[in-house]
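The next block holds one structure in the form of structure tokens; read it before the comments.
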Amino acid sequence: MKYTGNIESIVKNFCLRKKSAVKTSAELDERIVDDALLAQRKSKTTQSAAMRPNIWRIIMRARMTKYVTAAVIALVIIIGIIEIGKPVGRANVVFAAAMDSVKQARTFSCTEAFDVTYEDGGKRGEYLLKQKLMFKEPDRERREQLTSAPPWSKDVGKVTIWHYGKRQRLEFRPFDKTAEFHDTSSDYVIDEKTGELKLTQLNTRLRDHLLELSAGAVEDLGRTELNGQSVRMLQSRKGKRITTVWVNPETSYPVQIEHKWTDRSRSPMTFKSIQIDTELDDDLFSLEPPDGYTLSVHEWGGPDYKKKMMTKIKYLGLWCVVYANDNDDQFPDDLGDIVKLGVITEDVLNKVLAAPDDPDGPPVIRNRKPNTAGKDWSTVVILYEIYDQWPEDGVVACFADGHCELIANQKRFEELIK
Amino acid sequence: MLEDKLLLLKVKRGSADALRRIYEKYKDDLLALAVALSYDRAIAEDVLHDVFVSFAEYAEKLQLRTSLKSYLSSCVANHVRNLNRANALRTAQLSRAEAVSSDCDGPDRLATSAELSRRIDQAMEQVPYEQREVIVLHLQGGMRFKAIAQSQGVSINTIQSRYRYGLDKLRMLLNGTVEK
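First to last, the protein sequences are chains A and B.
The working numbering puts the first residue of the first sequence at 1, with every later residue one more than the last.
The working numbering puts the first residue of the second sequence at 1001, with every later residue one more than the last.
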């Protein structure tokens, strides 16, 4: 007899029958599960120390209009760059100790509050932004949004947790009980000193900014009460800015810090309920959504190169937005103009303009000064990736409201830059 | 697929329950795969053990491009292949292979089916390993050619050729056997 059947289906049936006959034993299950769990625990305890985020990432991530974005950037400039490198004058020992304790903190939490403006559909408004920030070194961060602009009131209570070691982020929103889980393997940031790309990492700059407040004269205003607690009040002045620090006399830790400006051109900014080196439960940084939440999973689906380009273009785009905010909504004629803002050096600019895989090479990002009059800024391209032939993955572009897109459709892109 | 993605995410976050659930879900299929590739129950159990322990250890860094099942099946196949290369596999003995279960069939069919299975088993053993591996991964493991190609780092054409040559060889061997 010659075998003539469909060999594929015969073999498939044979394989499936064999498959159904094989079962693991209880002993084998126990051995494997025990060893696997042990390996899992071991892996967790030896996982690599983490990376840190950057203020830019926070700004870029937020849903903000050009004004809000600019306001946040301005604050960064105010409390950060202007302060850097200033020596302590006749610094009060207690003040210095308090600031030093901030620098030493392995955990940090506070509630920050400041006024921001927003724009929604041509409507502008202002509200007090309040958010609770906390981090646990080396790689955990949590941010809870306590207030919101009226159009986005659904975001009140929204919590975002970063685990930089695992390259993961969880966001959950109590309003509609939704949770988003993000893979952040391709989240990059620009090193502000060198212009180089690096992976996002835990942002401890707020803590560092607070330390930098030790610059300038310090005045001891004596003891007072804050929320029923006896504290010592210290003050420092720098130009038009007055910084007041309330210090716990027992621990020398600051419990509240406030910035005010004498010309009232800027709103006060406060950091309340500061807690340093207190026990922060790991559950606060859990990447497990609360019970009852609908979880969705998000991963960057595009090429890594495009994510790097997006980071570069977004970085420059935000400085362009700041420039426009300070120049009657006029965007820079040339990217060299943002160097004049004093926030970025020419070397850094050149590095950012170069291709991710050729940091010393020629620029691959083109500036476009748009006419924004009467237009929706979210549709106006200000920067885009230079190309010879339309790339298969599309082109990265930054818009006048600061957001970036990877545009896959060539016609749409050409329409946008007409 | 989505369930697997969530389970994997939970494993990445250190969930022991999720790891157990993945094991429970795929243990029998993977063991059967390992048995089919190695022809040795003891080796197959060791392979299943090593694959899961390794999965638990490195899950945090895992970036899946295929389904979790395909990934684990590929791990099993790679592991068996490595053992094969290291001459760790003893000469296959059909008697060691898992008995074919046909208890759902009637007596007549059982006899026919058992005989056919024995012949296919014998024939499979004679098919070159690379070809047998593709046949088992595709027909038993349910893996697509593309996924097999990705896991082995070869082109899909190579995988399809191995599959075709493997089936041709099987057909030839089965006919030869029956003709005897």
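In this text, a Cβ means the ideal position worked out from N, Cα and C, and glycines have one as well.
Quick caveat: nothing in here was measured; it's all calculated off a predicted structure.
- Within chain A, the residues whose beta carbon sits less than 8 Å from that of B/H1049 are L28, R31, I32 and D35, listed in sequence order.
- By the Cβ criterion, the segment 1031-1040 of chain B is not in contact with the segment 380-399 of chain A, since fewer than three pairs of Cβ atoms, one from each stretch, lie closer than 8 Å.
- For the segment 1009-1026 of chain B, the beta-carbon criterion of a distance under 7 Å to any beta-carbon of chain A is satisfied by L1009, K1012, R1013, G1014, A1016, L1019, R1020 and Y1023.
- B/T1158 and B/V1136 have their C-alpha atoms roughly 16 Å apart.
- By the rule that beta-carbons nearer than 8 Å mark a contact, B/S1151 does not touch chain A.
- In the DSSP assignment, A/V11 falls outside any beta strand (DSSP E) and within the unbroken alpha helix (DSSP H) covering I7 to A21.
- Selection A/Y305, A/Q131 and A/R167 evaluated against A/V156 yields A/Q131 as nearest (Cα-Cα).
- Residue pairing by DSSP leaves B/S1074 without any beta bridge partner.
- Positions of the beta strand (DSSP E) runs, each at least 3 residues long and wholly inside the segment 333-415 of chain A, are given as 358-363, 365-367, 381-385, 395-399 and 404-407 in order along the chain.
- Using a 10 angstroms sphere on the CB of A/P290, the tally of other CB atoms stays under 16, which defines it as exposed.
- A contact is defined here as three or more CB-CB pairs under 8 Å, and the segment 274-281 of chain A meets this definition with respect to the segment 253-260 of chain A.
- DSSP, reduced to helix, strand and coil, places A/E192 outside both helices and strands of the structure shown, so it counts as coil.
- Taking a C-beta distance under 8 Å as the contact criterion, A/D333 and A/K369 qualify as a contact pair.
- Of the other Cβ atoms in all chains shown, 16 or more fall within 10 Å of the Cβ of B/G1014; this residue is therefore buried.
- Membership of A/E180 in any alpha helix (DSSP H) is not indicated; the residue belongs instead to the beta strand (DSSP E) covering T178 to D183.
- Of all residues in the segment 1138-1150 of chain B, only L1139 and Q1140 place a beta-carbon less than 7 Å from a beta-carbon of chain A.
- One thing to note: B/L1019 has its Cβ no nearer than 8 Å to the Cβ of B/S1073.
- Under a criterion of Cβ atoms nearer than 9 Å, no residue of chain A is adjacent to B/A1077; the nearest Cβ is some 14 Å distant.
- Here the alpha carbon of B/L1068 sits roughly 11 Å from the alpha carbon of B/K1025.
- For A/Q201, not one C-beta of chain B is nearer than 8 Å to its own C-beta.
- Interface criterion not met: the Cβ of B/S1161 is under 8 Å from no Cβ in chain A.
- According to DSSP, residue pairing for A/F271 in a beta bridge involves A/E112 and A/I257.
- No Cβ-Cβ contact shorter than 8 Å links A/D183 with A/E288.
- Nearest to A/Q235 by C-alpha distance, out of A/C110, A/R223, A/D29 and A/R366, is A/R223.
- Closest in alpha carbon position to B/E1045, among B/D1028, B/E1060, B/Y1058 and B/P1128, is B/D1028.
- Taking every protein chain shown into account, the CB of A/A36 has 16 or more other CB atoms within 10 angstroms, so this residue is buried.
- Secondary structure note for B/H1138: it is in no alpha helix (DSSP H), with a DSSP letter that is neither H nor E.
- Within the DSSP secondary-structure output, A/S230 pairs in a beta bridge with A/E225.
- Annotation: the continuous beta strand (DSSP E) that includes A/I161 extends over V159 to H163.
- Taking 8 Å as the cut-off, the beta carbon of A/D115 is found closer than this to the beta carbon of A/S267.
- The bridge partners DSSP lists for A/G125 are A/Y118.
- Counting along the chain, the unbroken alpha helix (DSSP H) around A/T311 starts and ends at D304 to D326.
- Sequence-distant Cβ neighbours of B/E1060 in its own chain, meaning closer than 7 Å and more than five residues away, are K1012.
- Look at A/T107 here: in three-state DSSP terms it is strand.
- Sequence-distant Cβ neighbours of B/L1167 in its own chain, meaning closer than 8 Å and more than five residues away, are I1135.
- Residues of chain B with a Cβ closer than 9 Å to the Cβ of A/I161 do not exist, since the nearest Cβ in that chain sits about 11 Å away.
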